[in-house]
Structure formats: structure tokens, C-alpha cells
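S.K.: Take a look at the following structure, please.
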């Protein structure tokens with residue numbers, strides 16, 4: 002059609018999917034708990050021991066004495082006769098720390114060995130039946146797992162023991178920063194403070210997980226399902242087809258409902274995100290990433306350099322903004338519900354988290 006003015010009347014047909022109308026259903030009747038995790042001396046001692054090992058040195062040994070001794074093994078895949086399997090893994094070098102091996106029989110084999118000893122092991126028990134670790138350690142593709150023999154020989158190439166760092170001023174400066182701690186007592190106090198901050202963060206994350214569960218449970222409004230299924234198939238045909246849309250939409254609808262509820266909270270409570278909010282969140286995120294790589298007290302200039310580098314990813318700031326919005330939404334909900342406080346020890350807290358996650 003080229004002459005719209007003289008063609009006559011037109012009839013247009015539209016498929017409309019209207020966002021559901023609903024009221025925010027969260028109030029002081031919703032009662033949750035903010036846990037105050039108690040840090041005892043055992044936790045402090047364990048953390049100091051771990052830090053001393055992490056910042057210690059390695060020395061070679063002729064014989065393994067404890068499950069803390071690191072072993073370098075040359076592992077070879079064998080057949081039912083104990084011979085090298087044709088085309089199988091041959092003398093692949095792997096490093097193993099016996100203390101992390103869950104199978105007790107395998108762990109027992111790894112303690113008390115000497116250099117050049119040859120062991121027979123179940124390769125899956127050695128790596129705790131973690132297929133990803135198995136493939137990465139052996140240098141194979143994940144598809145090769147299905148044809149991998151479980152029986153391997155392991156020749157002990159090297160044994161290394163960690164010599165823990167001494168608790169002195171040099172160690173305190175390495176872990177905490179220059180002149181933050183001068184004595185063991187000051188170091189222990191700082192460790193306890195840091196653990197307290199860490200566990201407070203863990204407790205807050207658990208509270209927020211429970212808030213999300215309440216938001217989901219309290220909002221079960223209907224969605225324009227048929228329209229959305231059709232829309233997904235038309236806009237993302239490479240992912241959604243007539244054969245799989247029912248299965249995939251079940252998950253997609255949950256995500257969409259979550260998004261609508263959180264947008265409702267943001268709208269009703271005037272949640273706004275400033276550039277300063279994004280900058281602060283980005284800096285904090287980058288600092289946390291560096292800590293996970295062992296830099297306990299990263300220099301602010303170093304953090305800033307990494308943060309600037311992160312921004313080169315075009316999606317990075319969008320992800321940070323989403324994190325900020327989510328945090329502000331959850332903080333708004335915290336003002337609407339009843340939050341009680343309860344003291345709890347570390348073990349009981351993580352048992353509770355495990356039960357909640359089931």
C-alpha cells in the first residue's frame with residue numbers, strides 16, 4: 002500500500018499483555034530475625050592459624066607426616082590389569098592437599114607416604130567427585146569424564162610442608178597494614194573485630210534472603226501467561242520454541258513476578274540511584290574481589306585502578322546499578338516488617354542457613 006490517504010479504513014489487531022495490578026503485601030505482621038553471631042576465642046585462634054599458614058613458606062620433605070602436607074603426584078590412568086590404559090592419562094602432574102579430601106580411605110593413603118612411592122587411588126574420590134576439578138586437574142574435556150577409568154596410579158613426585166609465619170610485627174604489617182598492630186594482643190583484637198564485621202555481613206545477607214522469600218510468598222498474583230509465552234517465542238525464537246516454552250516459561254514467570262514486586266517497592270518508596278551510590282558500590286565491590294584473592298588490606302589507589310578497569314566492560318555499571326537498586330529495595334522492606342534480634346554461635350548460624358536453603 003502506497004496511498005494511505007485514499008485507501009479507506011484500516012483495521013489493526015494487537016495482542017496486549019497488561020502488567021498485573023496488585024497491592025504491596027508486606028507489613029509488621031511479617032516477622033524475621035537478624036542474627037548477632039558471637040565470635041569466640043576458638044574462631045579467633047583458627048583465623049590466626051589460617052593466616053599464618055597462608056603467609057608461611059613451603060619446604061620440601063622426604064616423607065609426608067600430616068594431612069597438611071601438600072603432595073605433587075604424577076597420576077596415570079590404568080586398566081583392570083593395573084597397566085597404563087591405552088590412550089589414557091599418563092603421568093599428569095596434580096597437586097593435592099590431603100586435608101581437603103573427603104573420602105577417609107583415600108586421605109589415609111596420602112598421609113605417611115615418601116617421595117617415589119606409588120599409590121593406587123580412585124581419581125574421583127581424590128577430587129571429591131567434583132567433575133569440574135577432575136577435568137581441570139587432568140587437562141581433559143568434560144565429555145571425557147564418561148569414559149574415564151576411576152582407577153589411577155599416583156607416583157609421589159614431591160612433598161611440601163607449610164611452615165607457618167611467625168606472629169611478629171612483620172606478619173602483623175603484612176596482614177593488617179603498616180603499624181596497625183604492634184602486639185599479639187592487638188592483632189587478636191583486630192582479628193576479632195574483622196570477624197565480627199564479616200559475620201555481621203553474613204547475617205545481613207541471610208536476613209535479606211529471608212526477606213526475598215517473604216516477598217515471593219506474599220505475592221502470587223496472576224500473570225498474562227499466554228501472551229508472555231507467545232511474546233517470548235516471537236522475540237527470542239532461538240531460545241523459546243513451541244516444544245520447550247511451557248517448561249522454560251515456568252522459570253521465566255517466577256523471575257518476572259519477582260521483578261514486578263521489587264519495582265513496586267521501588268516506586269512506592271521513591272528508590273533512586275545516584276552516581277555517588279554507583280561509585281561507592283563499585284569501589285566496595287572491587288575491594289571485596291581483591292580481598293578474595295588474598296589482598297586483605299588493598300591500597301585504595303590499587304582498588305581504584307582495578308575499579309577503573311572494570312568499567313571497561315560495558316555491562317559492568319549496569320550490574321552494579323542493579324545491585325544498588327536491590328539493596329535499596331531490601332532496605333525499604335526492612336522498614337516495613339518486624340525484625341527481632343537473636344544471638345547465635347557460628348556453627349548454629351550456618352546450620353540454620355543450610356536448613357533455610359533446602
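In this note's numbering, the protein residues as written are 2 to 359.
For each residue, glycine too, the CB sits at the ideal point set by N, CA and C.
(1) Tell me which same chain residues have a C-beta within less than 8 Å of the C-beta of residue 129, skipping the five on either side of it?
(2) By how many angstroms is the C-alpha of residue 217 removed from the C-alpha of residue 258?
(3) Does the pairing of the stretch 178-188 with the stretch 329-336 give three or more beta-carbon distances under 8 Å?
(4) Taking a contact to mean a Cβ-Cβ separation below 9 Å, would you say residue 211 touches residue 350 in this structure?
(5) Using the rule of at least 16 other Cβ atoms within 10 Å of the residue's Cβ for burial, across every protein chain shown, is residue 207 buried or exposed?
(6) Give the C-beta separation of residue 322 and residue 279 to the nearest angstrom, bearing in mind that I take them to be a contact with Cβ-Cβ under 8 Å.
(7) Are the CB atoms of residue 338 and residue 262 within a distance shorter than 9 Å?
(8) Since residue 46 and residue 160 should fall inside the 8 Å C-beta cutoff, what is the C-beta to C-beta distance between them, to a whole number of angstroms?
(9) If you draw a straight line from the C-alpha of residue 157 to the C-alpha of residue 34, how long is it?
(10) Measure the alpha-carbon distance for residue 273 versus residue 267 and round it to whole angstroms.
(11) Contact check, residue 204 vs residue 38 under 8 Å by CB: the rounded distance?
(12) Taking C-beta to C-beta, are residue 197 and residue 325 nearer than 9 Å?
(13) Looking at C-alpha atoms only, which residue of 248, 219, 276 and 178 is the closest neighbour of residue 230?
(14) My parser needs the alpha helix (DSSP H) runs of 4 or more residues fully inside the stretch 122-147; what are they?
(15) Report the CB separation of residue 72 from residue 127 in whole angstroms; it is logged as a contact under 8 Å.
(16) If I'm right that residue 155 touches residue 122 with Cβ under 8 Å, what's the distance once you round it to whole angstroms?
M.R.: Reading it off the structure:
(1) 101, 102, 103 and 104
(2) Taking the straight line from one Cα to the other gives about 8 Å.
(3) no
(4) no
(5) buried
(6) 6 Å
(7) no
(8) The pair is not a contact, with the Cβ atoms about 27 Å apart (cut-off 8 Å).
(9) 51 Å
(10) Answer to the nearest angstrom: the Cα atoms are 8 Å apart.
(11) Indeed they touch by this definition, with Cβ atoms about 6 Å apart.
(12) no
(13) 248
(14) 124-127 and 132-139
(15) At roughly 10 Å, the Cβ-Cβ gap does not stay under 8 Å, so residue 72 and residue 127 are not in contact.
(16) 5 Å
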